[in-house]
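Novice: Here it is, the structure in full.
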Amino acid sequence: MDLKYNATYEAFRQEVISFLDVHWPAPDSAGESRAEKEAWFRKQAIAAGYLYRGVPREFGGSEQEADILKATIIRDEFGKRRAPMEAPGIGNMMLVPTLLECGTQEQKERFIPKTLTGEYHWAQGYSEPNAGSDLAALRTRAELVEGENGMEWSINGQKIWSTLAQFAQYMFVLARTEPEAGKHAGISYLLIDLKNPGITIRPIKQVTGGKEFCEVFFDDARTPADWIVGERGEGWTVSKATLAHERSSIGGAQTAVGLFEKLIELAKGVQYQGVTAIEHPQIRERLVILEGYVQSHLYSSYRQLSMAAAKQNAGRIGLMNKLINTNIGHMVADIAKDLINDAALLMPPTRGRAEGDEKWLNQFFGSLGVAIAGGTSNIQRNIIAERGFGLPRDDAE
């Protein structure tokens, strides 16, 4: 494993730093609101080749040669300045890479540019009340019918845990189009406009007080026949590509490092059993153990980067990213909960952007949900065991 960047990459790092010196924070002329300034900055960063590097220019990206080390340098330097990266959201993280890999030219031209700019917001229609970790057990159905404008898919069923669906314009949906086929066969990957008739969206109130997740009901909801990604009946293969992008987005080691650094700041500023928390032996022991996990995760990520740069298959190392990051996130939040002490018991859940102790309490409850996102932690362990280590499947599955 090579932990050093060569001279070429260090020169590239200086280019990124020089770009940030000029363009971030954005000048007043870029706009009055933070959103306007971020939009202006992203346009400059795309033009310079720093954002949406894997997206062709014809679809709004910067179309740069794949280089995972350059991408890591960009992420690190942008992170140090808290400069905007790609616009957040399921569309950019999951759908755009999937369309680039599996979509038609018309789908790419129609959906990718406005998804990159944030004009199109997407929701995910995967999980169902009886098909979560066992996603292939989904029962939502779609069949081709004659519509006013030609052939259409008629979708009937229910999805759950769809993040921010109440604010999305579109959804990518897994539906069973060949009900007589095997469990993993006969599933298709469809796109649908959520403004169409026959769709009901119900936000779910969470323990934090927020409503980030939704139930979505389809009652003869229609979508054009050509709004299918990949071939009919091959949605399971397409969906695995989408989940791979979700798991990689959840598994970034820099997220864990940032959370740990914020936890250290908290421990330096609060009292715990009569002393500053950072000086308390029990807290120090927990922080040292946690730092060991964080550092091992970071260096494991470096190893994966080195293998990717050498065009080697990272195998089980890549599969472990999401699981490790999830565990660290919960450990951080658990310590923070103890540090804010009585506030964790008395504080009401908050809605919207929380600050201070409220933010840590939301982080604690949110970390429980992240253990489910993209596949539960137990499912991740099974994947690592079976695909990474070649162990036999559990007979209980």
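Residue numbers (the numbering used here): 530 to 926.
The beta-carbon is built from N, C-alpha and C at its ideal position, and this holds for glycine as well.
Values in this document were obtained by computation on a predicted structure and should not be read as measured data.
1) Using 10 angstroms around the beta-carbon of M472, count the other beta-carbons present and answer buried if the total reaches 16, otherwise exposed.
2) Would you check if there are 3 or more beta carbon pairs closer than 8 Å linking the stretch 742-757 to the stretch 686-704?
3) In angstroms with no decimal places, state the Cα-to-Cα distance between E594 and G583.
4) Between the Cα of G764 and those of P585, F701, F789, spot the shortest distance and give me the residue it belongs to.
5) How many Å lie between G618 and E820 at the Cα?
6) Measuring straight from C-alpha to C-alpha, what distance separates A612 and E790?
7) State the DSSP-derived secondary structure class of R776, mapped to helix, strand or coil.
8) Nearest to A710 by CA position, among A555, V817, R670, is which residue?
9) According to DSSP, is K734 helix, strand or coil?
10) At what residues does the beta strand (DSSP E) containing V674 begin and finish?
11) With C-beta atoms as the reference, is G762 less than 9 Å away from S717?
12) Exposed or buried, what is P658 when buried is set at 16 or more other beta-carbons lying within 10 Å of its beta-carbon?
13) E638: which of P585, L693, K740, L868 sits nearest, CA to CA?
14) Using the beta-carbon count (16 or more within 10 Å), is V526 buried or exposed?
15) State buried or exposed for T706, treating a residue as buried only when at least 16 other CB atoms are found within 10 Å of its CB.
16) Here's a check: name, in chain order, each residue in its chain whose Cβ is nearer than 7 Å to the Cβ of G578, leaving out the five neighbours to either side.
17) What runs of the beta strand (DSSP E), each 3 residues or longer, lie entirely inside the stretch 740-815?
18) Report all residues from its chain with a CB closer than 8 Å to the CB of V545; omit the five preceding and five following residues, and keep chain order.
19) Who does S691 pair with in a DSSP beta bridge?
20) What residues in its chain sit with their C-beta under 8 Å from that of E915, if we drop five residues either side in the sequence?
21) Tell me the rounded alpha-carbon separation between Y831 and T644.
22) Compare the Cα-Cα distances from S835 to each of R751, D596, P642 and report the closest residue.
23) Kindly give me the distance between the Cβ atoms of L816 and I912, rounded to whole angstroms, as I take these residues to be in contact under 8 Å.
24) Going by alpha carbons, who is nearest to N870 out of S768, H859, W553, V799?
25) Can you look up T646 in the DSSP assignment and give me helix, strand or coil?
26) In terms of alpha-carbon separation, which member of D867, N535, V736, Y822 lies closest to H809?
27) So I641 packs on F588, CB below 8 Å; how close in whole Å?
28) Out of curiosity, what's the CA-to-CA distance linking A574 and P556?
29) Can you check which of these residues, K609, T752, A865, is closest to K797 by C-alpha distance?
30) With DSSP as the reference, label A865 as helix, strand or coil.
31) Looking at the secondary structure, which residues open and close the alpha helix (DSSP H) in which L481 lies?
32) What did DSSP end up calling Y655 once you bin it into helix, strand or coil?
33) Please work out which residues of its chain come closer than 6 Å, Cβ to Cβ, to V625, disregarding the five sequence neighbours upstream and downstream, and give them in chain order.
34) Nearest by alpha-carbon distance to G787: which of L723, E681, N854 is it?
35) Give every residue of the same chain whose Cβ lies closer than 8 Å to the Cβ of G715, excluding the five residues on either side of it in the sequence, and list them in chain order.
Specialist: For this structure:
1) The structure shown does not extend to residue 472, since the chain spans only 530 to 926, so no value can be given for it.
2) Short answer: they touch.
3) Residue 594 sits at position 65 when you count from the first residue of the sequence shown. Residue 583 sits at position 54 when you count from the first residue of the sequence shown. When rounded, the distance between both Cα atoms is 7 Å.
4) Locating residue 764 in the sequence shown gives position 235, counting from the first residue. Closest by C-alpha distance to G764, out of P585, F701, F789, is F701.
5) Your numbering for residue 618 matches position 89 in the sequence shown. Your numbering for residue 820 matches position 291 in the sequence shown. Cα to Cα, G618 sits roughly 29 Å from E820.
6) As a first step, residue 612 is located in the sequence shown; it is residue number 83 there, counting from the start. As a first step, residue 790 is located in the sequence shown; it is residue number 261 there, counting from the start. Cα-Cα distance, rounded: 18 Å.
7) In the sequence shown, residue 776 corresponds to position 247, counting from 1. In this prediction, R776 scores a pLDDT of 44, lower than 50, which makes its location untrustworthy; the coordinate-derived value is nonetheless stated afterwards. R776 falls in the helix class under three-state DSSP.
8) In the sequence shown, residue 710 corresponds to position 181, counting from 1. Among A555, V817, R670, the Cα nearest to that of A710 belongs to R670.
9) Mapped onto the sequence shown, residue 734 falls at position 205. In the structure shown, K734 sits in coil (DSSP, three-state: anything other than H, G, I, E or B).
10) Position 145 of the sequence shown, counted from the start, is the residue given in the question as residue 674. Per DSSP, V674 belongs to the beta strand (DSSP E) from 670-676.
11) In the sequence shown, the residue the question calls residue 762 occupies position 233. In the sequence shown, the residue the question calls residue 717 occupies position 188. Yes.
12) Taking the first residue of the sequence shown as position 1, residue 658 is located at position 129. Under this definition P658 is an exposed residue.
13) By 1-based counting over the sequence shown, the position of residue 638 is 109. Measuring from the Cα of E638, the nearest candidate turns out to be P585.
14) Absent from the model: residue 526. The displayed extent of the chain is 530 to 926, so no value can be given.
15) Within the sequence shown, numbered from 1, the residue matching residue 706 stands at position 177. Per the 10 Å Cβ criterion, buried.
16) Against the sequence shown, residue 578 aligns to sequence position 49. The residues are S591, Q593.
17) 742-753
18) One-based indexing of the sequence shown puts residue 545 at position 16. Closer than 8 Å at Cβ, skipping near neighbours: Y579, I602, I603, E606, F607.
19) Position 162 of the sequence shown, counted from the first residue, corresponds to residue 691. Bridge partners of S691: C743.
20) Translated into positions along the sequence shown, residue 915 becomes position 386. Closer than 8 Å at Cβ, skipping near neighbours: P921, R922.
21) What you label residue 831 is simply residue 302 of the sequence shown in a count that begins at 1. What you label residue 644 is simply residue 115 of the sequence shown in a count that begins at 1. Approximately 30 Å between the Cα atoms of the pair.
22) Counting from 1 along the sequence shown, the entry for residue 835 is found at position 306. Ranking R751, D596, P642 by Cα distance to S835 puts D596 first.
23) To locate residue 816, count along the sequence shown from 1; it is residue 287. To locate residue 912, count along the sequence shown from 1; it is residue 383. Not a contact, Cβ separation roughly 30 Å.
24) Stepping through the sequence shown from its first residue, residue 870 is reached at position 341. Among S768, H859, W553, V799, the Cα nearest to that of N870 is on V799.
25) Start at 1 with the first residue of the sequence shown, and residue 646 comes out as number 117. Looking at T646 - three-state DSSP - the assignment turns out to be coil, as it is neither helix nor strand.
26) In the sequence shown, the residue the question calls residue 809 occupies position 280. Residue D867 is the option with its Cα nearest to H809.
27) Sequence index remark: in the sequence shown, residue 641 carries index 112 (1-based). Sequence index remark: in the sequence shown, residue 588 carries index 59 (1-based). About 4 Å separates the two Cβ atoms, so the contact holds.
28) Stepping through the sequence shown from its first residue, residue 574 is reached at position 45. Stepping through the sequence shown from its first residue, residue 556 is reached at position 27. Annotation: A574 to P556 spans about 14 Å, alpha carbon to alpha carbon.
29) As a working note, residue 797 is residue 268 in the sequence shown. Of the listed residues, the one whose Cα sits closest to K797 is A865.
30) Taking the sequence shown and counting its residues from 1, one reaches residue 865 at position 336. Three-state result, A865: helix.
31) Lying before the first or after the last residue shown, residue 481 is absent from the chain, which here runs from 530 to 926.
32) On the sequence shown, position 126 is the one that residue 655 refers to. It is coil, neither helix nor strand.
33) For the purposes of this step, residue 625 is taken as residue 96 along the sequence shown, with counting starting at 1. Only I641, T644 meet the Cβ criterion.
34) Within the sequence shown, the letter at position 258 stands for residue 787. Checking every option, the nearest Cα to that of G787 belongs to N854.
35) If you number the sequence shown from 1, residue 715 lands on position 186. R705, T706, E707, P708, E709, G762, listed in sequence order.
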